[in-house]
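All remarks here apply to the structure that follows.
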Amino acid sequence: MNAVSELRVMAYTADGLVNVNPAYVDALRLLGADGRGEVLVTADDERLLGTVMFEPWSPESEVARNADEAEVRAFAVSPEARGLGVGRDLVNAVVGRAREEGVSRLLVAALPEMVAARYVYEARGFRRAPDRDLSPLPDVELMAYELVVKD
Numbered sequence: 001m002n003a004v005s006e007l008r009v010m011a012y013t014a015d016g017l018v019n020v021n022p023a024y025v026d027a028l029r030l031l032g033a034d035g036r037g038e039v040l041v042t043a044d045d046e047r048l049l050g051t052v053m054f055e056p057w058s059p060e061s062e063v064a065r066n067a068d069e070a071e072v073r074a075f076a077v078s079p080e081a082r083g084l085g086v087g088r089d090l091v092n093a094v095v096g097r098a099r100e101e102g103v104s105r106l107l108v109a110a111l112p113e114m115v116a117a118r119y120v121y122e123a124r125g126f127r128r129a130p131d132r133d134l135s136p137l138p139d140v141e142l143m144a145y146e147l148v149v150k151d
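Residue 133 in UniProt numbering sits at position 133 of the sequence shown, with consecutive numbering throughout.
Right, here's the structure in full:
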């Protein structure tokens, strides 16, 4: 397991999020390995602090519906780095990538339990998009958020 995968699993486990869907651990480890998305990271001199994935639309997208949309995936900040602006910087970076790629709408699906992540998204201007909420598994409800990306 590489450092990005390790950080994702550690952050999601620390927040009790893998309890909701234990099978998601495997997905966290593999996201980006197929080359479909771009994994962004931030680190200090000694360790990885956080990561997020920018994933352009594909037929396998969770909430993006067409080629001018993209998704935010696998947003994770090390528990030791929380409160330092790492999450804000990562979300700003993924929004920057969306602009560079000419994406008109950036979307993310989050568990209701992802309180800190949802706060960061909302602070950056993401708004609820309940028409895109989804339930990938029984008893797993994901809340969709969107940001209209402007130049």
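C-beta: ideal position from N, C-alpha, C; glycine also.
Note that the structure is predicted; figures quoted are calculated from it, not measured.
Just curious, the beta strand (DSSP E) that residue i is in, first and last residue?
{"i": "V140", "result": "V140 to V148"}
{"i": "A110", "result": "R105 to A110"}
From this set, the options, which residue's C-alpha is nearest residue i's C-alpha?
{"i": "F126", "options": "R118, L48, A98 and L147", "result": "L147"}
What are the start and end residues of the alpha helix (DSSP H) that includes residue i?
{"i": "A93", "result": "V86 to E100"}
{"i": "L30", "result": "Y24 to L30"}
{"i": "E122", "result": "V115 to R124"}
Please report the straight-line C-alpha distance between residue i and residue j, rounded to a whole angstrom.
{"i": "L111", "j": "A144", "result": "9 Å"}
{"i": "A74", "j": "R124", "result": "17 Å"}
{"i": "V39", "j": "N66", "result": "21 Å"}
{"i": "L142", "j": "D44", "result": "32 Å"}
{"i": "P136", "j": "A109", "result": "11 Å"}
{"i": "T13", "j": "A117", "result": "14 Å"}
{"i": "D131", "j": "L49", "result": "33 Å"}
Grab me the residues of residue i's own chain with a C-beta within less than 8 Å of its C-beta, minus the 5 sequence neighbours each way, in chain order.
{"i": "D68", "result": "W57, G102, V103, S104 and R105"}
Counting only the same chain and skipping the five closest in sequence on each side, list residues whose C-beta sits under 6 Å from that of residue i.
{"i": "A98", "result": "A70, L106 and V149"}
Practice problem: Please confirm if the stretch 6-22 is in contact with the stretch 77-87, defined as three or more CB-CB distances below 8 Å between the two stretches. | Solution: Enough Cβ pairs lie closer than 8 Å, so yes.
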